[in-house]
Amino acid sequence: MCSRGKYCAKTVKEKAAILREVDERKASKVEISKKHGIPPSTLSTYVRNRKAIEDAYEAEDFASNRKRLRLAKYPEIETAVITTGTRTRLVPVAVPTVFSFPEHPQKATEYNYAVLDTPKTLKRKFEACSTAATSAKKRLERSLQRERRLRRKVATFNDIICDLRKKQLISDDASQMLERCFKGVPLEVMTRLLGQTLHEGHESAQLSLSKYSPLLRMFALTLQFYSAKA
């Protein structure tokens, strides 16, 4: 980072390299200063702060504080700056140090498994689902009860006819007339209603024309001959 065009600030690695050159004593401090483009006073500051620079270089200690931050995208803190005119400042990032997550381990899935809703919203959704499930269960129970009642009616009616016939309390003509009530078209209609009741509340309740029996189709062709009162 250059300070108003005078010289560029050195990174910790560069400072450590300069200190090694000073220790080798192959050149004077003035020559080393000119080589790296820093004033002799700055080099003296490096020598005076040798221990702190060496410790930071060995441990790579760029601890987060209010003035300096090291980011994963910026290996050196001096490169993480924002320049506005003559003003240069660090990238504003909250402490502690922020490291960006690499892209290669990230999985792109169709469903986001992160829970973004608040606990209150999740509780409200759970209560709504519970209410809907309870209502659906009650509707199913009512449909099953209605189906059982219809089946009992058919069975009871047939049992009554058989019992009356055994006890000879009705004539053959009367028994045949009663049996006709649950034979042919009435029986087909009742069977169809029972099948529809089993699937009530579902899409399968919408029976197609292909499911009509031949007897019901023949009966439907004669409906035009009946009056509205019939």
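The working numbering applies: residue 703 is where the sequence shown begins, and numbers increase by one. Ideal Cβ positions, reconstructed from N, Cα and C, are used throughout, including at glycine.
- In this structure L842 is exposed. Its beta-carbon is surrounded by fewer than 16 other beta-carbon atoms within 10 angstroms.
- Under DSSP, T836 takes part in no beta bridge, so it has no partner.
- The C-alpha of F859 is placed about 10 angstroms away from the C-alpha of R853.
- The residue from A729, K753, R727 with its alpha-carbon nearest to that of V714 is K753.
- Take V732, set aside five residues on each side of it, and the residues of its chain with a beta-carbon closer than 7 angstroms to its own are P742, in chain order.
- Between the alpha carbons of S730 and D757 lies a distance of about 25 angstroms.
- DSSP places R727 outside both helix and strand once states are collapsed to three, so it counts as coil.
- Annotation for T744: the continuous alpha helix (DSSP H) segment containing it runs 742 to 750.
- Classified as buried, I720 has 16 or more neighbouring CB atoms from the shown chains inside 10 Å of its CB.
- A direct Cα-Cα distance of roughly 7 angstroms separates Y759 from A718.
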